[in-house]
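Data block below; observations after.
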Amino acid sequence: MDSTTTATMSATTAGTTGTTVPAREPDAEERPSDPAPPSGTLPVSARDRVYAAADALAAEDAAVTVTTVRERAGCSNAVATTFLRRWRADRAAAAAEAAQLPALPRGVGLLVERGVTALWAEAVRAARAEHTAERAAAREQLDAAREDAARVAALLDGAETDYAALRPHLDAAREEAATLADRLEAATTARDEARAEAAHAVGQAATLDGELTQVRTELADLRGRLAEAERGRAEQAEARAQAHGAVEGTREALAEARATLERARAASLRAQEDRAEADAERAAAQRAVARLEGETTALRQELQAAREQAGRAERERATAEAARAQAEGEVAGLRQALEARRSDARDTDARDSDAQGRD
Numbered sequence: 001m002d003s004t005t006t007a008t009m010s011a012t013t014a015g016t017t018g019t020t021v022p023a024r025e026p027d028a029e030e031r032p033s034d035p036a037p038p039s040g041t042l043p044v045s046a047r048d049r050v051y052a053a054a055d056a057l058a059a060e061d062a063a064v065t066v067t068t069v070r071e072r073a074g075c076s077n078a079v080a081t082t083f084l085r086r087w088r089a090d091r092a093a094a095a096a097e098a099a100q101l102p103a104l105p106r107g108v109g110l111l112v113e114r115g116v117t118a119l120w121a122e123a124v125r126a127a128r129a130e131h132t133a134e135r136a137a138a139r140e141q142l143d144a145a146r147e148d149a150a151r152v153a154a155l156l157d158g159a160e161t162d163y164a165a166l167r168p169h170l171d172a173a174r175e176e177a178a179t180l181a182d183r184l185e186a187a188t189t190a191r192d193e194a195r196a197e198a199a200h201a202v203g204q205a206a207t208l209d210g211e212l213t214q215v216r217t218e219l220a221d222l223r224g225r226l227a228e229a230e231r232g233r234a235e236q237a238e239a240r241a242q243a244h245g246a247v248e249g250t251r252e253a254l255a256e257a258r259a260t261l262e263r264a265r266a267a268s269l270r271a272q273e274d275r276a277e278a279d280a281e282r283a284a285a286q287r288a289v290a291r292l293e294g295e296t297t298a299l300r301q302e303l304q305a306a307r308e309q310a311g312r313a314e315r316e317r318a319t320a321e322a323a324r325a326q327a328e329g330e331v332a333g334l335r336q337a338l339e340a341r342r343s344d345a346r347d348t349d350a351r352d353s354d355a356q357g358r359d
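Counted from 1, the sequence shown has number 274 at position 274 by full-length UniProt numbering; the numbering is strictly sequential.
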């Protein structure tokens, strides 16, 4: 017997006895295991969908069962069962409230009591029919629950298989996490070391700043020394000019030596006529050669001094090298001139000896 039949019988009995019997509350088994979703959570709640589906089926004189409500509302069997029970209880309560009447007169009560027996028999038949329908719905719900359990078992088997497949990846992920933790610790250590090095670098920067100040002072001193070196280079240039003048003097001496040699050659030609005059000329030539050699020695000394000055100038200025090379070239020319003069003197002596031999 469902709640609707019970509520109808309660209302009938109350009318017979003149006592108002309120509609009973749903039993604990009829209440849902979880409270209904709060209103406003979704645009249309599951309860509203179930109630609307049940009202529509009742208006269509269709069978209001868990299956039909579930298909119409688009919900699960559990939701359809829970809220369909509530719908029936609410409908029975509304029907019982509408069926409440004032106390009947005694005569009417007797008539009603006789009619109750027939009504009771009809109610029993209706209750049995509804009970049969509910049992069919319960079987459908049980079958659906078994199907759900089979699906859940299959999902569980698949989950276990997935877990077994993912276990190596999980272990690898744990190892990677441990590795990353070690790397993080190493990075933290490196960061601390970098901070210490940065602090040390700041200290070194302060030290280098002091050293930079000292270097700037030394640079100013070096600039002063450079100015003195510039003055020294000017003096070296003057010395080179003097050396150049000495070279010019040497050139003039060589020219004079050449003239003397020419005169010696002329004297040697006249030696055949006047040997005494040739001897005198030869002696004069020898003296001239000796004098030139002395002058050449002095020039070499001056040239050596000039070279030393040029060497010092070269360390300060690259142009001193060209001047020294020029001076050395000129000295080489002087040497060649002296060698040529000595060769001429030897030739003159040889001719004189030949002339004496012929005499």
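Where a beta carbon is used, it is the ideal one built from N, C-alpha and C, also for glycine.
Identify whether residue i lies in helix, strand or coil by the three-state DSSP scheme.
| i | result |
| --- | --- |
| Glu25 | Per-residue confidence for Glu25 stands at a pLDDT of 42, beneath the threshold of 50, marking its modelled position as unreliable; no derived number is given. |
| Ala318 | coil |
| Asp274 | coil |
| Ser353 | helix |
| Val44 | coil |
| Leu261 | helix |
| Gly249 | helix |
| Thr6 | Confidence at Thr6 is low in this model, with a pLDDT of 43, below 50, so the placement of that residue is unreliable and no value is reported for it. |
| Pro35 | Annotation note: pLDDT 39 at Pro35 (below 50); position unreliable, coordinate value reported separately. Coil at Pro35, not helix or strand. |
| Asp347 | helix |
When you compare each of the options to residue i by their alpha carbons, which one comes out closest?
| i | options | result |
| --- | --- | --- |
| Ala306 | Leu292, Glu277, Gln242, Ala337 | Gln242 |
| Leu292 | Gly249, Gln304, Ala318 | Gly249 |
| Thr348 | Arg167, Gln141, Ala284, Gln326 | Ala284 |
| Asp90 | Val112, Val50, Ala121, Leu111 | Val50 |
| Ala340 | Ala227, Trp87, Arg258 | Arg258 |
| Gly329 | Glu60, Arg251, Gly203, Pro168 | Arg251 |
| Leu303 | Arg346, Ala325, Val289, Arg128 | Ala325 |
| Glu314 | Gln336, Glu230, Glu218 | Glu230 |
| Asp344 | Arg300, Ala94, Arg282, Gly311 | Arg282 |
| Thr82 | Glu130, Ala133, Asp61, Ala138 | Ala138 |
| Arg342 | Arg358, Val331, Ala288 | Ala288 |
Do residue i and residue j have their CB atoms nearer than 8 Å?
| i | j | result |
| --- | --- | --- |
| Ala323 | Arg216 | no |
| Glu321 | Arg233 | no |
| Asn77 | Ala145 | yes |
| Leu57 | Val66 | no |
| Thr296 | Leu334 | yes |
| Ala355 | Gln272 | yes |
| Ala59 | Arg72 | no |
| Ala337 | Leu254 | yes |
| Ala62 | Arg70 | no |
| Gln236 | Gln309 | yes |
| Ala99 | Cys75 | no |
Using only the heavy atoms of the ligand FAD, determine whether one of them is closer than 7 Å to the beta carbon of residue i.
| i | result |
| --- | --- |
| Asp48 | Inclusion of the ligand FAD in the displayed structure is not the case, the ligand content being empty and no account of it being possible. |
Quick one: which unbroken alpha helix (DSSP H) runs of 4-plus residues sit fully inside the UniProt domain "KfrA N-terminal DNA-binding" (47-160)? Chain order, please. Qualifying alpha helix (DSSP H) stretches, in chain order: 66-73, 77-99.
Give the list of continuous beta strand (DSSP E) stretches no shorter than 3 residues that lie fully inside the segment 179-221. Counting only runs of 3 or more, we get nothing.
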